[in-house]
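Structure first, then comments.
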Amino acid sequence: MSTDTATPPAEQPDAAENPPPRPGFTQLFGRYLIEANSVMVTVYSLLLAFLIGAVLLIVSDENVRSTYTYFFARPQDALTSSWILVRDSYLALFEGAILNLNTLERFQAGTAEFGDLLRPISETLLNATPLIFTGLAVGLAFRAGLFNIGAQGQLIFGMLGALAVGFSLNLPAVVHLPLAIVAGALAGAAFGAIPGVLKATTGAHEVISSIMLNNIAFFFLVWAIGTGFFHSETKSELVTKPVDESATLPTLLGWLGAGLRVNLALIVGLAAAVFTWWLLSRSTFGFRIRAVGFNAHASATAGMHVGRTYASTMAFAGGLAGLAGAALSLGVGSSGVTTNTALEYGFDGITVALLGRARPGGIVAAALLFGALKAGALSAQPDVPVDISTLLQAIIVLFIAAPALVKAILHLRTPRGGMVTLEAKGW
Amino acid sequence: MAVKPYKLALVGLSAVGLAAVAACGEAPSDSGDDNADASFLACMVTDSGGVDDKSFNESSWNGMLAAEEENDDIKVDFKESSSETDYDPNLQSSVDDGCNFIVGVGGLMTENVNAIATANPDVSFATVDGFSEVENVYSIQFDTAQSAFLAGYVAAAQTQTGTVATWGGLQIPPVTIFMDGFARGIAKHNEDKGTDVQLLGWDVEAQEGTFINGFESATDGKSQSDTFIEQGADIIFPVAGPAGIGALTAAAEDDAVTAIWVDTDGYESTDYGSEIITSAEKGLANAVKDSVLAAYDAAQGGDAVTGSYIGTLENGGVSLAPFHDFEDDVSDETKAEIDALTQQIIDGTLVVESPASPTAG
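Here the protein sequences line up with chains P and Y, keeping their order.
In this text, residue positions in the first sequence follow this note's numbering: the first is 1, and each later residue adds one.
In this text, residue positions in the second sequence follow this note's numbering: the first is 1, and each later residue adds one.
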């Protein structure tokens, strides 16, 4: 943390005459480490989040807290128990998200299948899948200078769209599944286009309209599940009919073990990320999105249809969120959809997009991290409070959104290109 | 190098923090964990809402804790689900953790419990508010229409305005069964005593009524209750767990209005005892506790627990709570009639019908 280790050689204007020695790799790397560049801010944000998480774990554990009441009488109690608690908690998260060491032991002893070893990874990927889509939905709109808070509502409509096709048509799987996925994307796109069109035609701010549309979508869901069309024929609870076998997303690793639930939606998600990358950086449409996001007035002067770009970007973002809904409703299997199925994936998409810096590759990485935190927290309870995953996510994003804070806490240097902050247009 | 102010602040802060928590107490001698070396591990998987939801998850967990208290050889644990997609991983990891008995709370989880119970025939399971035909799954259900029936009868006897009201959280069987029983209790009073008490918020024939679409928002509960009070209702029966508190705050603001509580004895479990005439109780904690002890007994013989349980007035699984502050307000005549009705329901001469009634195994 000390910043006084390596003083960089001052830039000399007459360097040609007297060239300074080129800094070696280690020196460059060391300098990189103490600089507030985007990579290191992300790394330090993660480290700080886990550090704060550790403190909160200690404070929230009654047994460990009680050892602090006699800290001066026997300090080793408090220190050891704190260390053990933090170590075991993070180990439990790791075991639930990546590799369970108990299962590994059982596997080596021959009492567990290879598939059992993959279960934590499978859960991580399964949890990450909807986040990839909603992260892209928020990130794409972000690039056009739009703040899409409506991913939750778009996801809900995508869920219902995919579900409606999923149980009402009788088709072979080859046609049925893609059709159901497309239906989800279209339903999400239609709902996502609303705030875009409103902004383009009336100037209504997309933050306000998309937040409100989330509520409309949720209560529409509650109502829709109760209707005869959606409601389960066998259960009286508020739950929908299950999708047909032919529209269910096939598992990717099911042949290795029954508990491996990660499904085809992950592949669709990665494809969507690649496509979004291509769209943004290689297509004319993507150029328009970025131009409008960079400076709407200049784009308008240059002859671009700013309103049309807003509307189509929001529709596109809605389609991506709709795919998240399709991944949920076509992936839950026989149990059907309830008012709870959507969880908060749409809102989590905002944090994923922030952490991924609105770039497709970053969003996939962020989604994987959050998916791992969720899977880890779910399996680590009740020894570790299940809310720890949400808490860590929140702290990480807090730091990511405020790089100056990380810089100040750790006394990092300002990188040569200046601080990296997310473009705050449209907020 | 001068000490930087922020470092000073950090040191100061940690010193204050340390002093705050670090009293100079005596180090305790070794204190053992509760039932640390118990041989029987009973686990509970919650429905969405969490283990401290002041509602059925919490009641079930209290039952688990009571079982742990009663038998030193039992240790209990729980896993929380935030949606139905968490059911499978939570049930699976409970099996992986070596749980001997796994309770799934909530009717929606029944299918998931059935699937995992079939795959693990040596482990005992239970499902709360759901019926299962799988051998090693113990079904815990409640015929709460019976206790709600008595509550409805009391409401019809106590109303001054001739109008009472009910509203629910969501239109799901564990909720509507209360509303059915309540409506039938009022109808019974109208029929026997020639009164014409109206019920707002639930039409038992059409199975339609008023729901606030959730169990969380006491604000929504209050505004719904206020609406009913404006329409003349003077007794409110909220069937919505924590959101029902809204009805109690509405009743507290209006001297003429009182409430009837659900699930637990509201006189004990809420801060509004003086507003509550009585409660339609559902003995979740006791039933869960009994199921854990039954599973323990079965495990001692090397078996998985079997059977099912339906809480009724007869076995005390459901009941009408004491009148507490309203002991003097409720006439002796009404009390006698309630006793008689209770007996008729126990004898089977009076059947409280509800489409949501548990199906017997």
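Positions of the beta carbon are idealized from the N, C-alpha and C atoms, including for glycine.
It should be emphasised that the depicted structure is a prediction, and the values quoted were computed from it without experimental measurement.
Proximity of chain Y to P/T338 at the Cβ level (cut-off 8 Å) is accounted for by S83, E84 and L108, in chain order. In the three-state DSSP reduction, P/T240 falls in the strand class (E or B). Under the 10 Å beta carbon count, Y/Q158 is surrounded by 16 or more other beta carbons and is classified as buried. At a cut-off of 7 Å between C-beta atoms, Y/K79 counts as an interface residue with respect to chain P. Interface flag for Y/I177 against chain P is unset, since no Cβ pair is found closer than 7 Å. Between P/P382 and chain Y, the shortest Cβ-Cβ separation is below 7 Å. In summary, Y/R184 is buried, with 16 or more beta-carbon neighbours lying within 10 Å of its beta-carbon over all protein chains present.
Our two residues, Y/N62 and Y/L41, have alpha carbons roughly 16 Å apart in a direct line. Taking C-beta atoms under 8 Å as the contact rule, Y/A304 and Y/N90 fail to qualify, at a distance of about 20 Å.
Interface criterion met: the Cβ of Y/Q92 is under 7 Å from a Cβ in chain P. In this model, Y/L350 and Y/V164 are separated by some 23 Å (Cα to Cα). Distance from the CA of P/V274 to the CA of P/R359, rounded to the nearest whole angstrom, comes to 11 Å. Here DSSP, grouped into helix, strand and coil, assigns P/F191 to helix.
Within chain Y, no residue has its beta carbon less than 8 Å from that of P/F285; the closest one is some 34 Å off. Judged by DSSP secondary structure, P/S60 falls within the alpha helix (DSSP H) whose first and last residues are S38 to S60. Residue-level contact check: Y/N100 does not touch chain P, since none of the beta carbons of chain P fall below 7 Å from its beta carbon. Between P/G184 and P/G158 a beta carbon distance of about 4 Å is seen, short of the 8 Å cut, so the two are scored as contacting. Where Y/K282 is concerned, the enclosing beta strand (DSSP E) starts and stops at I276 to K282. Inter-residue distance for P/G161 and P/L266 is about 19 Å (C-alpha atoms, whole angstroms). Taking 7 Å as the threshold, the shortest C-beta distance from Y/S48 to chain P falls below it.
In the three-state DSSP reduction, Y/K54 falls in the coil class, being neither helix nor strand.
When Cβ-Cβ separations below 7 Å define contact, P/G259 makes contact with chain Y. In the displayed model, Y/K79 falls within a strand according to three-state DSSP. For a Cβ distance threshold of 8 Å, nothing in chain Y lies close to P/T248: the least Cβ distance comes to about 14 Å. For Y/V76, same chain residues with a beta-carbon under 6 Å away, outside a window of 5 residues either side, are A42, M64 and E68 in chain order. From the listed residues Y/T210, Y/D255, Y/D226 and Y/L150, the smallest Cα separation to Y/A336 is found for Y/L150.
For Y/I172, the nearest beta carbon of chain P is closer than 7 Å to its own beta carbon. Near chain Y, meaning a CB-to-CB distance below 7 Å, the residues of the segment 228-255 of chain P are S236, E237, L238 and V239.
Given a length threshold of 3 residues, each whole run of the beta strand (DSSP E) inside the segment 169-244 of chain Y is given here in chain order: 198-200 and 235-239.
The criterion of a C-beta distance shorter than 7 Å is satisfied by P/A311 and P/G196. Contacts with chain Y (Cβ-Cβ distance below 8 Å) from the segment 216-228 of chain P involve F219, V222 and G226, listed in chain order. For Y/N213, the nearest beta carbon of chain P is closer than 7 Å to its own beta carbon.
If you draw a straight line from the Cα of P/N127 to the Cα of P/A380, it comes to about 15 Å. Listed as beta-bridge partners of P/R413 by DSSP are P/E35. Bridge pairing for Y/D263: Y/E281 [DSSP].
Put simply, the backbone Cα of Y/G107 is about 23 Å away from that of Y/Y296.
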